[in-house]
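> Numbering follows the UniProt record's numbering, with no gaps: position 406 of the sequence shown is 406.
From the three backbone atoms N, C-alpha and C, an ideal C-beta is built for every residue, glycine too.
Quantities reported herein were computed from a predicted structural model and do not represent experimental measurements.
Have a look at this one.
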Amino acid sequence: MKCAAFSWLGEWGVRKIERGHFEKKITFSTPDRDSNLNLPVIGSLVYWERSVLDHETTEAMLVALLSGCVLAVLVGRGYAYSRGAPDQVCQSMTPLHQGAPPQTPGTSPFLVTPALLQAGQGSPLKLMVSSPSELTFAGFFLQARDPRDPLEPLGTFTTVPGFAQAINCASGIRNAVTHVNSTGKKSLQFEWEPPADYEGPIQFNATFVQDYSTFWVGVLSDKVEVAKRSVNNPAQSTGISTTRAPKTSTVPAYVPEVEVKAAATDDPIYSGCGSTKSCFGAPDQCLDTKSCTAVTTVQVEGDRYTFEVKGKGAGYAAVALSEDSKMGDDSVMECARDSVQNRPANVYLSYNTGKTNARSSRREYARMKKCGETAGVAFHDVIYEASSDGYILSEIVTFASVSKLLLRLHGAFMIAAWIGAASVGILLARYFKQTWVGKPFCGKDQWFAWHRILMLLVWSLTITAFVLIFVELKSWSSEDNPHAILGTVTTLLAFFQPIGALFRPHPGSRRRPIFNWLHWLLGNMAHILAIVTIFFAIELSKAQLPEWTTWILVVYVAFHVAMHFVLSVVGCASERTTSSRVNSFPMSDRTSSRSPLNDADRRTDAPLSCFRKLLLALYLVVIIVLTVVLILVVVLAPIEETWEKFRGT
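Here is the structure:
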């Protein structure tokens, strides 16, 4: 997708179609002809296609990790029908909130956005209900209807995420979706399938409830045209899709890689970068290879500034002029793919408040609306880049992306701490107290010495990573993801754990068992929360992690649990071969009357110690490999693009 953006006066320029891209060019002039627009500007480039991993999938991956844990039940504020809309409102879609009239639909801050405006009969269509602002909706009700006969819901919702449920309205099956609780929601993605025999327009009709007295009924999406299914049906390609080509046993319907690279090298958008015009591309350093996923250029001709924006096959591309690297108080130029094939891009000028993009209705921008009102702009989860510094627009520069070093270090440190050091440290303390007996390290039993070293490493890496992410973001994360709050709780537990260890009672004290239990409980809570937090990090757009990262974590969890099980069995077998009990989970000190080990037992390794050492060696190798792989995926993100660059060199 390629388009060039705009003129403050709406002055049209060149329009053409390229294979695989579409382009519009509009120039823009300063209102004051004596002005050089000498404003410090940071360009933010946004490129969007799909949600990386739906929330429901991540939760399913955590079932094994959370098995056996008892979680506190949080009691929240109640709303009428907090578990979803009742079936008696299937037609009216109006909440039964007495004394509370609905708001005007046009004022709704919440949106219903289909991925495409064309769909094939019986072919799934992705759509999203979302809040482009910081507001959340407690409840919603969504149907697809024929705008010519808008009383009966159509089609079937085939994929429904967490926090939502499909219900049956009238004689249909799963033809409406609603919430399951009143928890605040910012965005949910669905998959809807039109009837196999239906042909014509449909429109998604939604009700959003913010609170008991504030709700909107009749919030409509853009119309979607359902056509007869064909081999080249454009509905098979969705704006909410993966950037990687699907695996297929047939010949792929795209240009071979060699041809694509050759075309990119000769792309005129890169001509003059750094000499006659300023350029900014994503990912970083893509301007050198002329292979940007999204790129924008600025050319100055007197008092006229011509912007070009291009994205490869995207739902939309946009560039913002800002005084900082954050979203908010920005002038935004949007280039959105038209839903009809072989039509030029739709170009808009809007203003981003940090919560939503408000399209301009001022007279001088009116001519741009000749492009049409269809908008594909939504959440940017493929590429989002900000330039590293502010620049004067009249200067000719090659923009550099803002450094993600602190973000990458945060992720690497947390993985090294909790996947690597914490896992090994906990294993040593739990199963190796009666191993390497009589071979102290630094005057301490080996298990204790290494446990202390590893846990201090966990403490240091966690605190450092926690500080780094706040230095990077300079505020609380705005993403609707529990990663931030879970990470904060984990950091607090990790911070106080070694401090509590300083107050360890004497081994003979009657308070020692209480300390041991608390130390064990807090340590394991911190470890479990840390792993859950890392799972949620995969969903973060800033992380740029591939979906298969989840499976690496699943392998880690399965291996970690399996090794604990095997070592527990080995511990039980060891107890049976000795006259004294060797407890793998000692909650009281070994010198107490409940653990009557004799002096001979204390001076020798417990039975099966060689087998335990072999298992430890295997555990170390696997954990180190998994930790290194995860760190590389985080540091080199997006890893697939980095790998392609490496292969191309």
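1) How about the region 437 to 445 and the region 409 to 422: do they share at least three Cβ pairs that are nearer than 8 Å?
2) Can you list, in chain order, the residues of its chain whose CB lies under 6 Å from that of residue 462, leaving out five sequence neighbours each side?
3) Let me know the secondary structure DSSP gives residue 542 once reduced to three states.
4) From what residue to what residue does the beta strand (DSSP E) around residue 516 run?
5) When the distance is taken between beta carbons, is residue 192 closer than 7 Å to residue 108?
6) In three-state DSSP terms, what is residue 479?
7) Going by the DSSP bridge assignment, what does residue 205 pair with across the sheet?
8) Ends of the alpha helix (DSSP H) at residue 549?
9) Thinking C-beta only, is residue 574 closer than 7 Å to residue 608?
10) Give me the Cβ distance between residue 118 and residue 227, rounded to the nearest whole Å; I'm assuming they're in contact under 8 Å.
11) Are the region 405 to 414 and the region 465 to 473 touching by the rule of at least three beta carbon pairs closer than 8 Å?
12) Here's the rule I'm using: 16 or more other beta-carbon atoms within 10 Å means buried, otherwise exposed. How should residue 646 be labelled?
13) Only counting the same chain, and skipping five residues up and downstream in sequence, which positions put a Cβ closer than 7 Å to that of residue 673?
14) Quick one: any contact between the region 156 to 166 and the region 99 to 115, if contact means 3 or more CB pairs under 8 Å?
15) What is the DSSP secondary structure of residue 173, reduced to helix, strand or coil?
16) Can you list, in chain order, the residues of its chain whose CB lies under 6 Å from that of residue 223, leaving out five sequence neighbours each side?
17) Any chance the region 476 to 484 sits against the region 535 to 543, with 3 or more Cβ pairs inside 8 Å?
18) How many Å lie between residue 283 and residue 517 at the Cα?
19) May I have the straight-line CA-CA distance separating residue 187 from residue 485, to the nearest angstrom?
20) What does DSSP give as the partner residues of residue 273 in its beta bridges?
21) May I ask you to report which of helix, strand or coil DSSP gives residue 460?
22) Kindly indicate which three-state DSSP category residue 455 falls into: helix, strand or coil?
23) Comparing alpha-carbon positions, which option in 441, 141, 177 and 277 lies nearest residue 210?
24) One question on the structure: do residue 550 and residue 633 come within less than 7 Å of each other, judged by their Cβ atoms?
25) Residues in the same chain with beta-carbon distance under 6 Å from residue 218, minus the five sequence neighbours each way, listed in chain order, please.
26) Under a Cβ-count criterion, where at least 16 other Cβ atoms within 10 Å of its own Cβ denotes burial, should residue 169 be classed as buried or exposed?
27) Using only alpha-carbon positions, find the residue among 185, 488 and 271 that is nearest to residue 133.
28) Starting from residue 190, trace the alpha helix (DSSP H) both ways and give me its first and last residue.
29) What are the partner residues of residue 118, as DSSP defines its beta bridges?
30) Roughly how many angstroms separate the alpha carbons of residue 615 and residue 555, rounded to a whole number?
31) Just curious, the beta strand (DSSP E) that residue 628 is in, first and last residue?
32) Apply the 10 Å Cβ neighbour rule to residue 430 and answer buried if 16 or more other Cβ atoms are within range, or exposed otherwise.
33) Tell me whether residue 145 is buried or exposed, calling it buried when 16 or more other Cβ atoms sit within 10 Å of its Cβ.
Reading from the atomic positions:
1) No, the region 437 to 445 is not in contact with the region 409 to 422.
2) Looking up residue 462 in the sequence shown gives position 462. 417, 491 and 494.
3) Residue 542 sits at position 542 when you count from the first residue of the sequence shown. Assigned with DSSP and collapsed to three states, residue 542 falls in coil, not helix or strand.
4) Indexing the sequence shown from 1 puts residue 516 at position 516. Residue 516: not part of any beta strand (DSSP E); member of the alpha helix (DSSP H) spanning 512 to 537, first to last residue.
5) Position 108 of the sequence shown, counting from 1, holds the residue named residue 108. Position 192 of the sequence shown, counting from 1, holds the residue named residue 192. No, the Cβ-Cβ distance between residue 108 and residue 192 is not below 7 Å.
6) Against the sequence shown, residue 479 aligns to sequence position 479. DSSP places residue 479 in coil when its eight states are reduced to three.
7) What you label residue 205 is simply residue 205 of the sequence shown in a count that begins at 1. DSSP output for residue 205 lists 143 and 220 as bridge partner(s).
8) Taking the sequence shown and counting its residues from 1, the one referred to as residue 549 is at position 549. Element bounds for residue 549: 549 to 576.
9) In the sequence shown, the residue the question calls residue 608 occupies position 608. In the sequence shown, the residue the question calls residue 574 occupies position 574. Yes. Within cutoff.
10) Looking up residue 118 in the sequence shown gives position 118. Looking up residue 227 in the sequence shown gives position 227. About 6 Å; that satisfies the 8 Å criterion.
11) Yes, they touch.
12) As a first step, residue 646 is located in the sequence shown; it is residue number 646 there, counting from the start. Exposed is the call here.
13) Residue 673 is absent from the model: the chain starts at 1 and stops at 649.
14) No: fewer than three Cβ pairs fall under 8 Å.
15) As a first step, residue 173 is located in the sequence shown; it is residue number 173 there, counting from the start. Assignment of residue 173 by DSSP, reduced to helix, strand and coil, places it in the coil class.
16) Along the sequence shown, one-based indexing puts residue 223 at 223. Answer for residue 223: 201 and 203, listed in chain order.
17) Under the Cβ criterion (8 Å, minimum of three pairs), the region 476 to 484 counts as touching the region 535 to 543.
18) Position 283 of the sequence shown, counting from 1, holds the residue named residue 283. Position 517 of the sequence shown, counting from 1, holds the residue named residue 517. Their backbone Cα atoms lie some 49 Å apart in a straight line.
19) Position 187 of the sequence shown, counted from the first residue, corresponds to residue 187. Position 485 of the sequence shown, counted from the first residue, corresponds to residue 485. Their Cα atoms are separated by approximately 19 Å.
20) By 1-based counting over the sequence shown, the position of residue 273 is 273. According to DSSP, residue 273 bridges with 277.
21) Within the sequence shown, residue 460 is the residue found at index 460, counting from 1. Helix at residue 460.
22) Residue 455 sits at position 455 when you count from the first residue of the sequence shown. Reduced to three states, the DSSP call for residue 455 is helix.
23) To locate residue 210, count along the sequence shown from 1; it is residue 210. Looking at 441, 141, 177 and 277, the one whose alpha-carbon comes closest to that of residue 210 is 141.
24) Locating residue 550 in the sequence shown gives position 550, where the first residue counts as 1. Locating residue 633 in the sequence shown gives position 633, where the first residue counts as 1. Contact: no.
25) Counted from its first residue, the sequence shown places residue 218 at position 218. So the qualifying residues of the chain are 105.
26) Position 169 of the sequence shown holds residue 169. In summary, residue 169 is buried, with 16 or more beta-carbon neighbours lying within 10 Å of its beta-carbon over all protein chains present.
27) Numbered from its first residue, the sequence shown carries residue 133 at position 133. Nearest of 185, 488 and 271 to residue 133, Cα basis: 185.
28) Taking the sequence shown and counting its residues from 1, one reaches residue 190 at position 190. Segment 187 to 193 is the beta strand (DSSP E) holding residue 190; no alpha helix (DSSP H) there.
29) Position 118 of the sequence shown, counting from 1, holds the residue named residue 118. As a beta-bridge residue in DSSP terms, residue 118 pairs with 225.
30) To locate residue 615, count along the sequence shown from 1; it is residue 615. To locate residue 555, count along the sequence shown from 1; it is residue 555. Each residue's alpha carbon lies about 17 Å from the other.
31) Sequence index remark: in the sequence shown, residue 628 carries index 628 (1-based). Premise fails: residue 628 lies in the alpha helix (DSSP H), 609 to 635, not in any beta strand (DSSP E).
32) As a working note, residue 430 is residue 430 in the sequence shown. Per the 10 Å Cβ criterion, buried.
33) Residue mapping note: residue 145 aligns to position 145 of the sequence shown, counting from 1. Residue burial is scored here from C-beta neighbours: residue 145 has at least 16 other C-beta atoms within 10 angstroms and is therefore classed as buried.
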